[in-house]
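> Questions regarding the structure given below will be posed in turn.
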Amino acid sequence: MQNKGLVKLFALLFGLVSIYQLSFSFKANQIEDNAKQFAIENVADTETDYDAKRALAQVTYLDSLKNEEVYNIGIAQYNFDEVKEKAMNLGLDLKGGISVILQISVKDILVGLANNSKDPVFRKALSDAEELQKDSQDTYLEDFFVAFEAIQGDTKLASPDIFANRTLSEVITFDMTDDEVKPVLSLKIDESIVSAFEVLRKRIDKFGVTQPNIQRIGNTGRILVELPGAKDKERVKGLLQSTAQLEFWDAFKGEEFGTFIFQANETLKEIVETSTTEVESNATETTDDAISDIIGDTDAETGDTGEVNPLIDLIRSPGYNGGPVIASFDRKDKQLVTDYLNNPQVRALLSPEQRYAKFVWGIPQVQQTTGEDSQSIELVELYALKGNRDNEPPLSGAVITDASQAYQQNGNPSVSMQMNLKGAKVWEDMTGNAFNTAGQIAIVLDEIVYSAPGVTTGPISGGNSEISGSFTLNEAVDLANVLRAGKLPASADIVQAEEVGPSLGQEAIDSGMKSFLIALALVLLWMVFYYGKAGIYSDIALVLNIILIFGILSGLGAVLTLPGIAGIVLTIGIAVDANVLIYERVREELFKGKGQKESIKDGFNNALSSILDANITTGLTALILYVFGTGPIKGFATTLLIGILTSLFTAIFISRLLIDWHLNRGGKLEFSTGMTKGLFRSINIEFLKKRKIAYLISGTIIIAGLGSLFTTGLDQGIDFVGGRTYTVRFAQDMNTEEVKTALNDVFNSAEVKTIGSANQLKISTKYKVDENSAEVDQEIQEKLYGALVPFLPDGTTYKQFIDADNNVGKMYASKVSPTIADDIKKSSVWAVLGSLIVVFLYILIRFKKWQFSLGAVAAVFHDVLIVLGIFSISWRFLPFSMEIDQAFIAAILTVIGYSLNDTVVVFDRIREYLNEHTSWKFEKVVNSALSSTLSRTLNTSLTTLVVLLAMFTFGADSLRGLLFALIVGVLVGTYSSLFIATPIMHDTLKRLDKKED
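Counting from 2, one number per residue, gives the positions in the sequence shown under my numbering.
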C-alpha cells in the first residue's frame, strides 16, 4: 500500500479529533449533573413549587457559567456555552422533550391586513382557500389568489373594503391591479411570519432549555421548534401557541347571574326532556344525537341516568360573595358548560344589561375533596365580562412596554407590568370607575382570566399594574416572558407534534445502547471465528469506525436519534461487508497458490470496485432519504451516510495497514480458521436452472401480498392519514378491548394496541383530526384522561397523568394534521421513486447495459412488494406496531440500498468473469460468478441479520416495526440478488455466446 505514513498520520489525527469532539459531550453531561445536584441541595422538597424552583435554580447555575471557563485542555479554554455547542446533540426520543411544527395562520394575517373586512367575496375566498389547502401543495396565499379569482367578478384585491384601506394606503392604492397587489401581500405576509419567528425565538430563549432549535420551513408559514429535554410539555405548548392577546375587561359580579343560572338550568331540562320524547317516537335517532343537534357536541348524559339538573348539578362550588366568580366547575365539564351557555335559547334569558356578556374561564386549580373518598379534582372558575357589540376590550395588551416576574407581599408569584402613556390614561379611568362602583377588572390573556381584582385604593395612575392570581412560579415567569416578547401577529396552530417523556427517553438510551453493544459483540466474535487473526484486525478497524462516526456527528452538530443509533448499527453491517469482500478475494488469491503478500495486494485491489459500487448505491438511497426525510429519519440518513464514508476508510486503509504491519513483523495470516477454511470453495450451483421455480415462488408471494394490500390494506400511521397518537403506561397489565370500549364512548373511534409490555398501550384517534387549535388539543387530552381515569391509580390528577408521574400516564404523544400527512405521503412516494431512478441510471452508467439496470430495479420492486405484502398480511396479529409511517419509508429505502448492494456485488463479479473467461458460455459465466460470491453473500447477510436481530430483540419498542421490515428486506434482498435480479438480467440480455446455439 502506497503512502502508509500519510494514512497513519491521517488515521491518528482523525481519531484524536473524534475523541476531542466527544470529550465535550462528557464534560457537558458532568456540568449538567452538577447543576441538578446544586438545585437539589438548595431547594428542599418541602418548599412550594419545588419542581419549578429547582428547574429555575438549575438554569441559574448554568447561566452563571456562560462566560466562565469550565474546560481547559491546554491549547484552548471553553466556557459552558462553547462546551454545550460542541457536545453531542441528543434527539427527543433519547432525551425526552417536545418537537412541534407551528402553522402561522396566513388567513388571520390576511384578515388583519384587510382591517377585518366583511366583504363577502373576500370572506368566501378565505373559506375556499381552506378547502383547497386540504389537497394542495401550494401555500395558503397562492390558494387564496386562486379562490379569489374564481369568484371575484368586478371585485378587486385593491378594493377600499379589502386591501386598499388606511393601514396599507402607502403600499396599495385603489388603481392597482390584482397582479400588482399580490407581491405586496406576499411581502407583508412574509414580514408577519418573520415577526412571529422572532417572537417565538425570544420566548424560547427565556424558557431555559439548552440547545433549542427553531427554524422556518420554506415559505409555507410553518415554523419548526424542537426543545430537547423540556419536561413540562403543556407549559411549552402554551408558551408557543399563546398569541399573548392581553385584554382588560370590566367584570360582572357573580351574584348578578344567580337567577340566570337557575333559569338556564330549567330551559336545559326542557330541551333534554323534549329531545328524549322525540327520540322515543323516532327509533332511527339516538338520544345523544338529538341533544347534540340542539346543544352541540357534548358529553351530556341523559336517558336512564335521569339527569334532573343539567347545569346546576355540575356546579362544584358557588362564587358570589361580592366577587366576579359565578361558580366553579370540574375541569372535565368545562366544554359541556360552555356549550350550555352558548345555546341560543339559554342566551336569550340574559337581561338587557347582560346581553353582550362574555363567559370566560379562569386557571384550573387542584383541590382536595373531603370525606372518606377524598380525591384530587381540578376546579375552574366561570366569569362573566362586560362585553360589547364589537367585542373590543376597553384596554388591550398593545399598551404594555415591559413586564417582569415579581412576588406579592404574601410571597405568591405575580407579574409586574408597565404601560405607555395612552394605556396609563385608560387604565386610570378603568380603575377609577371600578373603585367608585366597587367593581372588578378582569385581566384576560388568550381568553383565560388570570385575575379579576377589585380596586380599593382609588384610581391607579402612572401605568404601573400587577397581575396577581393563583398561578405557579412557572406560569408567572412564562406570562412575563410572552408579554415582554410581544404578541404573535396571528394564531399559531400546532399541525404536527411529538412529545416524549424523559423516562421514555432514558429507556430508549438504555435499550439502544444495550442492543448496540450486543450487536457489536456478536459481529466482533463472528469475524474472529470466521477469519481468525485477520478478523481481529477488522474488529479493530470496526471499533475505530464507530469512534469516528460519533466524533463526526458531534463535530457537525448533528442530532443523534434512536433511528440514528439504528443507522449506526446498520453501518456495522456495511463495514463488515467491505471487510468480507476484501477477505474473500484474498482467500481466492491464496487458493490459486499465490504468495501471501501478493494475495493480499490483489485481494484488496480486486475488491475495490465491488466495494465502491455497493456503497455508492447504498449512499445514493441514503442521500435521497436525507433530502426527503424529516426529524429522526433525517438523523437515520445522516448516520448512514457518515457510516458509509468511515467504513470505506477503515475497511480499505486501516485494516490494510494493520495486516501489513502484521506481515512485516514476520507473521502469517490464513484469513480463515480450521472450521471455515475451504468453506463454500467447491460449491458450484446452477442458479439459472432454478429461475423458473424462483419466479413461481416470488410470483405467488407477490400475488398473495397484493391481494392482501387491496383487501386488508396496511396499518397506516398518523404520518400518512393524520390524527393523534398517545403512548400511555399503566400500573398494571391492561385489556385492550376494555380500554377501547371506554375510549370509543368518548372519541367514537379509537385504535388501541399493546406496545412493548402489557401495561403500555398505544392509543390513536382521528377525533377532530381537521382541527388544530390549542383548545381542541386540550379538549382531546382532557377527554383521554377522563376516559382512562378508571384504569389509573386512585387520585391520579390530570397534571400527574400528562406528566407521567411515578412512570404512569402519558409517556409519548404525536399529532399530525391531514395537510402535513398529505405532504409526508407525497414526499415519501417521491423519495422511493427518486431512489429507483437514480440507482437505475447509476447502474446503467457503471455496467453500460440497460439489462443490468432492469434486473437490479426489478429485484428492488420485487423486494419492496414482498415487504409490503408481508406487512399487510401480518400487521393484525403480530405483537408489535407495524404502522406505515416515515420510519417504514426509511426501512424501505434501506432495503432498496441493501438489495442493490448485494446485486451490484454479483453483477460486478459477472462482469469480471465475462472479461476473464471469454470462451465460456454466458450461462456458465453467470452461474460461476454467483457461486463464487456465495460465501460473501451469506457472510454479509448473516452478520447484518445478527445486528438487526439484536436490535429487534433488545432495542426500543418504537423501532420494532422498522427493524422487522429491515430483517425481511435483508432475507428477501439476499434471495432476489441470486434468483431474481441476475436471471432477469440474463433473460433480457441478448448476448448469448455462440456456443449456446
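Beta carbons: idealized from backbone N, C-alpha and C, even for Gly. Small disclaimer: the values here were computed from a predicted structure and weren't measured.
Where G668 and R692 are concerned, what is the direct C-alpha to C-alpha distance, given to the nearest angstrom?
Looking at the two C-alpha atoms, the distance is approximately 45 Å.
> R223 by DSSP, collapsed to three states: which one?
In this structure, R223 counts as strand in the three-state DSSP scheme.
> Would you kindly work out how many angstroms separate the C-alpha atoms of A126 and L111, rounded to a whole number?
Distance between the alpha carbons of A126 and L111: 11 Å.
> Around the C-beta of T934, are 16 or more other C-beta atoms found within 10 angstroms, so that it is buried, or is it exposed?
Buried, since its Cβ has 16 or more Cβ neighbours within 10 Å.
> Just how far apart, CA to CA, sit L228 and P213?
Those two C-alpha atoms are separated by around 5 Å.
> Thinking S829 and I890 are a contact (beta carbons under 8 Å), I'd like their distance in whole angstroms, please.
Right, the Cβ-Cβ distance comes to about 4 Å (below 8 Å), so this counts as a contact.
> Could you check which residue in L351, L549, L383 has the C-alpha nearest to that of F360?
Cα-wise, what sits closest to F360 is L383.
> Under 8 Å, with one C-beta from each stretch per pair, do the region 727 to 745 and the region 790 to 808 reach the 3-pair mark?
Judged by Cβ distances under 8 Å, the region 727 to 745 makes contact with the region 790 to 808, as three or more pairs qualify.
> Shortest alpha-carbon distance to D331 belongs to which of F11, F123, S417, W362?
Considering only alpha carbons, the answer is W362.
> Tell me the rounded alpha-carbon separation between L247 and I442.
Approximately 13 Å, taken between the alpha carbons.
> Considering only their Cβ atoms, is the gap separating I601 from V948 smaller than 8 Å?
Contact: no.
> Would you say the region 973 to 989 touches the region 902 to 918, given that touching needs at least three Cβ pairs under 8 Å?
Judged by Cβ distances under 8 Å, the region 973 to 989 makes contact with the region 902 to 918, as three or more pairs qualify.
> Specify the secondary structure class of F164 as computed by DSSP and reduced to three states.
The answer is coil: DSSP assigns F164 none of H, G, I, E or B.
> Considering just the uninterrupted stretch of the alpha helix (DSSP H) at R692, what are its terminal residues?
Per DSSP, R692 belongs to the alpha helix (DSSP H) from 692 to 712.
> Kindly indicate the opening and closing residues of the beta strand (DSSP E) around L762.
First-last of the beta strand (DSSP E) with L762: 761 to 766.
> What's the call for T140, buried or exposed, on a 16-neighbour Cβ count within 10 Å?
When all chains shown are included, T140 counts as buried.
> So, does the region 855 to 862 touch the region 534 to 546, judging by three or more C-beta pairs under 8 Å?
They do not touch, by the three-pair rule.
> Any idea if S932 is buried or exposed, counting beta-carbon neighbours within 10 angstroms, 16 or more meaning buried?
S932 comes out buried.
> Go ahead and label L712 buried or exposed: buried means 16 or more other beta carbons lie within 10 angstroms of its beta carbon, across all protein chains shown.
It is Thr, not Leu, that sits at residue 712 in the sequence shown. Looking at its Cβ environment, which holds fewer than 16 other Cβ atoms inside 10 Å, T712 is exposed.
> Determine the DSSP secondary structure at L990, reduced to helix, strand or coil.
Three-state DSSP puts L990 in coil, outside helix and strand.
> Assuming contact is defined by CB atoms lying nearer than 8 Å, are A1 and T766 in contact in what I supplied?
Nothing in the structure corresponds to residue 1, since the chain is present only between 2 and 998.
> From I41 to I968, what does the alpha carbon distance come to, in whole angstroms?
In a straight line, the C-alpha of I41 is about 46 Å away from that of I968.
> Considering only DSSP beta bridges, list what N73 is partnered with.
According to DSSP, which records beta bridges pairwise, N73 is partnered with Q78.
> Return yes when the Cβ of S415 is within less than 8 Å of the Cβ of L404, no when it is not.
The sequence as given places Ala at residue 404; Leu does not occur at that position. Cβ atoms of A404 and S415: not closer than 8 Å.
> Go ahead and pull the three-state DSSP assignment for G323.
If DSSP states are grouped into helix, strand and coil, G323 belongs with coil.
> Counting Cβ pairs closer than 8 Å, one from the region 828 to 845 and one from the region 656 to 668, do we hit at least three?
Contact between the region 828 to 845 and the region 656 to 668 is absent, because fewer than three Cβ pairs lie under 8 Å.
> Starting from G556, follow its DSSP beta bridges and name the residues at the other end.
Paired residue(s): none; G556 is not in a bridge.
> Measure the Cβ-Cβ separation of I844 and F853 and say whether it is below 8 Å.
Yes, they are a contact pair.
> Could you tell me whether the region 770 to 780 touches the region 452 to 463, using the rule of 3 or more Cβ pairs below 8 Å?
Segments in contact, no.
> Which stretch, first to last residue, makes up the alpha helix (DSSP H) that contains D251?
Careful: D251 lies outside any alpha helix (DSSP H), inside the beta strand (DSSP E) at 247 to 252.
> Considering only the alpha carbon of each residue, which of I364, V456, N465 lies closest to V400?
Per the Cα distances, N465.
> With L95 and L557 assumed to form a contact (beta carbons below 8 Å), what rounded beta-carbon distance in angstroms separates them?
With 8 Å as the limit, L95 and L557 do not qualify as a contact, their Cβ atoms being about 17 Å apart.
> Given this structure, state the Cα-to-Cα distance separating F748 from G796, to the nearest angstrom.
Cα to Cα, F748 sits roughly 24 Å from G796.
> Where does Y357 sit, in a helix, a strand or coil, going by DSSP?
DSSP places Y357 in coil when its eight states are reduced to three.
> Counting along the chain, where does the beta strand (DSSP E) carrying I583 start and finish?
Segment 563 to 592 is the alpha helix (DSSP H) holding I583; no beta strand (DSSP E) there.
> Report yes if the CB atom of V529 is closer than 8 Å to the CB atom of T941, and no otherwise.
No, Cβ-Cβ distance for V529 and T941 is not below 8 Å.
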